[in-house]
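Chains as they are written, first to last, in our numbering: chain X, 39 to 667; chain W, 1402 to 1490.
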């Protein structure tokens, strides 16, 4: 047996630890610390919505498996993500037994709330370790906790951890080694938890705290002071709007230099290949298919990273739940649950995590509405399409002093997505005739400085995801598209470029019948089809299509000037409108089917979005034409 | 349900004011959902005897509410807060 196999076997028999605790107390940070993985960490409740498994070796050389679970305030599951936690801890899942050790992670700055869950879990009779996490923050606030006394009162091992600090997990590892070997215990049924009422449990928490802790009431004055401004009825919304606006400005202005460098490099490479290769099929594939197509997508990496730079900072410092607070009236007004905010916000990265994050919503009807409108939030894959068209058609100038017009238009496009999502939600709730009131119940966590390491990892992960997509899905589609666009070649005496007569050209011309009323020529129609697989591909496809449409020597690998000279403004605006409602990428639809459990919801979604996109483009195109664009 | 004269519902507490939770009860005629909400509120720490403070109220209509309970702050909508009866200070 090889070493890796031995390790694999040792791990499959290793004791299973479950990390359990209230939302946002640092379970995932601790999980990452233990296993060296890079699961997403942020400062709001409900980041982790799935059961994640990892493994590690303790300093004494014992193997452990560890489960990271969605946070919960109790094991009475109200939402699908909490049900995962309940089922894992109660051993109700078909394929795993109950965990061998429960590591209860608590936020040391708020034991009053966190300890109740610990007392409840204790009734299950599983071996437990209590992790006083964020002890550093608690000490700074003057909260003194006597860990030994707490251990005596609770009759379990208590360790101090700082999950965000390297080495902050050592106390837990030591405690696990002391516990070895772990003897499996059959837990009590979950009903044992309800044997004592919530009030009595809370009374017990108060009794324990009065014995083991001092200054537990010391609260976070700094967060309160920030909230006084940020949640102010007038200043708050203004700050939120300015912040959003600045982000979109930065996406355009900061990205200009790195984008020029990338596109310069891509053009240079294209020119170099054209110069040194004989004219032929291979040169066409490399220059027009791969460099023209993939290069035009690659250029958007800086903009995507800038957008995520801001999103990650806002997530990490704790501002997001405040934004949800400020927008709650709007959300409630259209009948959405306050909890819909986080899933909708996640959808700005990609609709897929957004649709999955809707698991934190209790009411099934609300959850469905949130899932249905999540793809109307402008995902990062749409950014390249917007940015390309804006750069080609919107002059790069400043309005009202220092505001970039391009950034302003981008802001408006994002806004259009949000407004239409609210409209669709309102319509769906109204037609369902639901009058039930929607709950909010959202924790507003303490602010903290963004962790630079997290930020760097987050950006790196984003860049990796994007480059992986470019290198796999997008590259494959580009090569395929190039082939379809190059063969068969032009007949003798052709008046159009060869692509016009190719398979893709024929397909594009067939689709043009449908899309001509909204101003799309056959070239755009060709790009729309691969855009269904991944929206950025539409940009790459336009790159390839227009590179192949060029005649003779004026072969350009830079798409922007080509578009500016081939499309009317009305067509450009119509394409932007189309992509606000952009018919689904296929992976989103398949996640919708999985999360709702019905294929019909995926079809409803595709249908309503197609209809909206077509109508919006039709109106935009004809209004723009009437105005002379 | 009639309340003792000095008790008010949490949703009526002005911003900046404090109080102590007296009881959490489902609204009448709301069936299972009200009871579920009441339980959930207790799980968040709105348990009789706990001190609470209204930090901020949103605009317009004084909704949502940012309420400090224990060392945590929660955002609630009005009708959720209305389930919590408090003794204002």
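Ideal placement from N, C-alpha and C gives every residue a C-beta, glycine not left out. In this text, all values refer to a predicted model and were calculated from it rather than measured experimentally.
Whole angstroms is fine: what's the gap from residue i's alpha carbon to residue j's?
i, j, result
"residue 633(X)", "residue 394(X)", "7 angstroms"
"residue 585(X)", "residue 446(X)", "30 angstroms"
"residue 610(X)", "residue 654(X)", "13 angstroms"
"residue 309(X)", "residue 289(X)", "29 angstroms"
"residue 1435(W)", "residue 277(X)", "35 angstroms"
"residue 239(X)", "residue 191(X)", "14 angstroms"
"residue 1453(W)", "residue 438(X)", "46 angstroms"
"residue 166(X)", "residue 89(X)", "19 angstroms"
"residue 317(X)", "residue 579(X)", "22 angstroms"
"residue 608(X)", "residue 556(X)", "9 angstroms"
"residue 135(X)", "residue 71(X)", "25 angstroms"
"residue 422(X)", "residue 313(X)", "29 angstroms"
"residue 47(X)", "residue 402(X)", "41 angstroms"
"residue 350(X)", "residue 113(X)", "30 angstroms"
"residue 442(X)", "residue 614(X)", "18 angstroms"
"residue 24(X)", "residue 650(X)", "What is shown of chain X runs 39 to 667, which leaves residue 24(X) out entirely."
"residue 352(X)", "residue 602(X)", "36 angstroms"
"residue 488(X)", "residue 206(X)", "18 angstroms"
"residue 34(X)", "residue 146(X)", "Residue 34(X) lies beyond the residue range present for chain X, which begins at 39 and ends at 667; the question has no answer from this structure."
"residue 74(X)", "residue 67(X)", "10 angstroms"
"residue 223(X)", "residue 53(X)", "11 angstroms"
"residue 163(X)", "residue 228(X)", "10 angstroms"
Mind reading off the beta-carbon distance from residue i to residue j? Whole number of angstroms is fine, and I expect it under 8 angstroms.
i, j, result
"residue 577(X)", "residue 334(X)", "6 angstroms"
"residue 363(X)", "residue 1459(W)", "7 angstroms"
"residue 61(X)", "residue 84(X)", "6 angstroms"
"residue 546(X)", "residue 561(X)", "7 angstroms"
"residue 198(X)", "residue 209(X)", "5 angstroms"
"residue 250(X)", "residue 187(X)", "4 angstroms"
"residue 1417(W)", "residue 1490(W)", "That belief does not hold up - the Cβ atoms of residue 1417(W) and residue 1490(W) are roughly 11 angstroms apart, past 8 angstroms."
"residue 58(X)", "residue 159(X)", "6 angstroms"
Under the three-state reduction of DSSP, which class applies to residue i: helix, strand or coil?
i, result
"residue 142(X)", "strand"
"residue 502(X)", "helix"
"residue 179(X)", "coil"
"residue 103(X)", "strand"
"residue 1489(W)", "strand"
"residue 525(X)", "coil"
"residue 75(X)", "coil"
"residue 136(X)", "coil"
"residue 635(X)", "coil"
"residue 256(X)", "coil"
"residue 627(X)", "helix"
"residue 171(X)", "strand"
"residue 224(X)", "coil"
"residue 399(X)", "coil"
"residue 251(X)", "strand"
"residue 261(X)", "helix"
"residue 660(X)", "helix"
I want to see whether chain W comes within less than 9 angstroms of residue i, judged by CB atoms only; does it?
i, result
"residue 338(X)", "no"
"residue 105(X)", "no"
"residue 370(X)", "yes"
"residue 398(X)", "no"
"residue 241(X)", "yes"
"residue 670(X)", "Nothing in the structure corresponds to residue 670(X), since chain X is present only between 39 and 667."
"residue 115(X)", "no"
"residue 479(X)", "yes"
"residue 258(X)", "yes"
"residue 168(X)", "no"
"residue 272(X)", "yes"
Which residue or residues does DSSP assign as beta-bridge partners of residue i?
i, result
"residue 1419(W)", "1454(W)"
"residue 92(X)", "104(X)"
"residue 268(X)", "In the DSSP output, where bridge partners are listed per residue, residue 268(X) has none listed."
"residue 166(X)", "140(X)"
"residue 196(X)", "168(X)"
"residue 481(X)", "1475(W)"
"residue 58(X)", "142(X)"
"residue 436(X)", "442(X)"
Step through the CB atoms of chain X and report whether any lies within less than 9 angstroms of the CB of residue i.
i, result
"residue 1472(W)", "yes"
"residue 1490(W)", "no"
"residue 1460(W)", "yes"
"residue 1455(W)", "no"
"residue 1427(W)", "no"
"residue 1437(W)", "yes"
"residue 1485(W)", "no"
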